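Undergrad: Could you have a look at this structure, given as structure tokens, before my questions?
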Ligand code: ZN
């Protein structure tokens, strides 16, 4: 009950990649990179276990980018052909891989890395994958000319990967869909975004989640949030659709955000991964602050469906800040469990 978890990514050690940099280049040569990445996975798991995180991840230590890490290994996507486009409703301009043919998963993408992480912890293990709509929004397409059709093929590829990850003992698969919070896409989410997500989770025999955030704490996002006004109500459109979908859990921002928490009531029946750690600030929350955010969420979500979480990934943060935030999250969840007389999750 009240199992603590994280959105996904953690900072990488400075010997592996440039610190405090999003999508940082690797610092190890090809011949030692895999060994270094695996050592970093062991450390990321250890840090979470020490901090009392119940559902852990590999900290995304083997990926540079949460979308390209998956997309570039699919048939039909050319990683070498980069195209400059506006993404997330033109919030940023990015150099992205190009879709040049039918998208297919001709081989496993993260399966070996996931098997290594599975063998390295006895805790419940979550694996993150990009959501289909966010993949479509982070590639340039010169083949389909139809975002909905491309999304469905991406979803089929994601589904094959998710099935294989579940078979090797991953306990939860989370699809990251920051594109779901872009106002300009709300119509597309209704028309094909949710349908593509449903295709990605079809028949997946473990917990499934979707992560919908307001992004990393980088300047483009901080500036964007200012334009969203006093109340952020994007979730109001997507939550009722998700409540009717087959997705098991929804990961949302609650810490230091302007999301009215009563919107969480629209997620009736779903697990709620409530962000109680702000990833856009270097200040480490106290366990009492975390507990107080959890208590505010509990006014709208029963404890049986609530999993305290971070708002988003912590990849760009200094490592010691991220470690402090992990500990605050673990202790804050434990404080509320103790108040409610709940057992720690097995
Ligand atoms: Zn996020």
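Numbering (the numbering used here), first residue to last: 3 to 348.
Glycine included, C-beta positions come from ideal geometry on N, C-alpha and C.
Remember, it's a predicted structure, so these values are computed and weren't measured experimentally.
1) Going by other Cβ atoms of all chains shown within 10 Å of its Cβ, with 16 needed for buried, is residue 224 buried or exposed?
2) Suppose the cutoff is 6 Å on Cβ atoms and the five residues either side in sequence are ignored; what does the same chain contact list for residue 303 look like?
3) Tell me the start and end of each unbroken alpha helix (DSSP H) in the stretch 196-234 that is at least 4 residues and wholly inside, in chain order.
4) Enumerate, from N- to C-terminal direction, the unbroken beta strand (DSSP E) stretches of 3 or more residues contained entirely within the stretch 262-342.
5) Is residue 173 near ligand 1, going by C-beta to nearest heavy atom under 7 Å?
6) Can you tell me where the alpha helix (DSSP H) holding residue 33 begins and where it ends?
7) With distance defined between alpha-carbon atoms, name the residue in 107, 117, 178, 164 nearest to residue 139.
8) In whole angstroms, what is the alpha-carbon distance linking residue 246 and residue 200?
9) Looking at residue 281: is its Cβ nearer than 8 Å to the Cβ of residue 240?
10) Find out if the Cβ-Cβ distance for the pair residue 203, residue 271 is shorter than 8 Å.
11) Note the first and the last residue of the continuous alpha helix (DSSP H) segment covering residue 237.
12) To the nearest angstrom, how far is it from the Cα of residue 34 to the Cα of residue 11?
13) Mind reading off the beta-carbon distance from residue 60 to residue 115? Whole number of angstroms is fine, and I expect it under 8 Å.
14) Determine whether the beta carbon atoms of residue 93 and residue 226 lie at a separation below 8 Å.
15) Please report the straight-line C-alpha distance between residue 134 and residue 157, rounded to a whole angstrom.
16) How far does the alpha helix (DSSP H) with residue 132 in it extend, from its first residue to its last?
17) In whole angstroms, what separates the C-alpha of residue 31 from that of residue 16?
18) Residue 20: which of 321, 345, 307, 332 sits nearest, CA to CA?
19) Is it the case that the Cβ atoms of residue 332 and residue 119 are separated by a distance below 8 Å?
20) With hydrogens ignored, establish whether the beta-carbon of residue 9 is closer than 7 Å to any heavy atom of ligand 1.
21) Mind checking who residue 84 pairs with in its DSSP beta bridge?
22) Going by beta carbon distance, what residues of the same chain come within less than 8 Å of residue 268, once the five residues before and after it are set aside?
23) Residues bridged to residue 146 by DSSP?
24) DSSP state of residue 191, grouped into three classes?
25) Please tell me whether, using a cut-off of 7 Å, the distance from the CB of residue 178 to the nearest non-hydrogen atom of ligand 3 is below it.
26) Within its chain, find whatever has a CB closer than 7 Å to the CB of residue 293; leave out the 5 residues flanking it on each side and keep chain order.
27) Since residue 159 and residue 105 are thought to touch, with beta carbons under 8 Å apart, how far apart are those beta carbons, to the nearest angstrom?
28) So is the beta-carbon of residue 215 under 7 Å away from any non-hydrogen atom of ligand 1?
29) Within the same chain, show all residues whose beta-carbon is closer than 6 Å to that of residue 142, passing over the 5 residues directly before and after it, in chain order.
30) Is residue 71 helix, strand or coil by DSSP?
31) Within 10 Å of its beta-carbon, does residue 260 have 16 or more other beta-carbons around it, so buried, or fewer, so exposed?
32) By DSSP's criteria, residue 178 is part of a beta bridge. Which residues make up the other side?
33) Look up residue 19 in the DSSP assignment and say whether it is helix, strand or coil.
TA: This is what the structure gives:
1) exposed
2) 266, 274
3) 196-203, 221-229
4) 273-279, 308-312
5) no
6) 32-52
7) 178
8) 11 Å
9) no
10) no
11) 236-245
12) 22 Å
13) 7 Å
14) yes
15) 5 Å
16) Where residue 132 is concerned, there is no enclosing alpha helix (DSSP H), although the beta strand (DSSP E) it sits in stretches over 126-132.
17) 14 Å
18) 321
19) no
20) yes
21) 99
22) 237, 238, 241, 242, 245
23) According to DSSP, residue 146 bridges with nothing at all.
24) helix
25) Of the ligands this structure carries, namely ligand 1, none is ligand 3.
26) 334, 337, 338
27) 6 Å
28) yes
29) 85, 87, 98, 100
30) helix
31) exposed
32) 132, 213
33) strand
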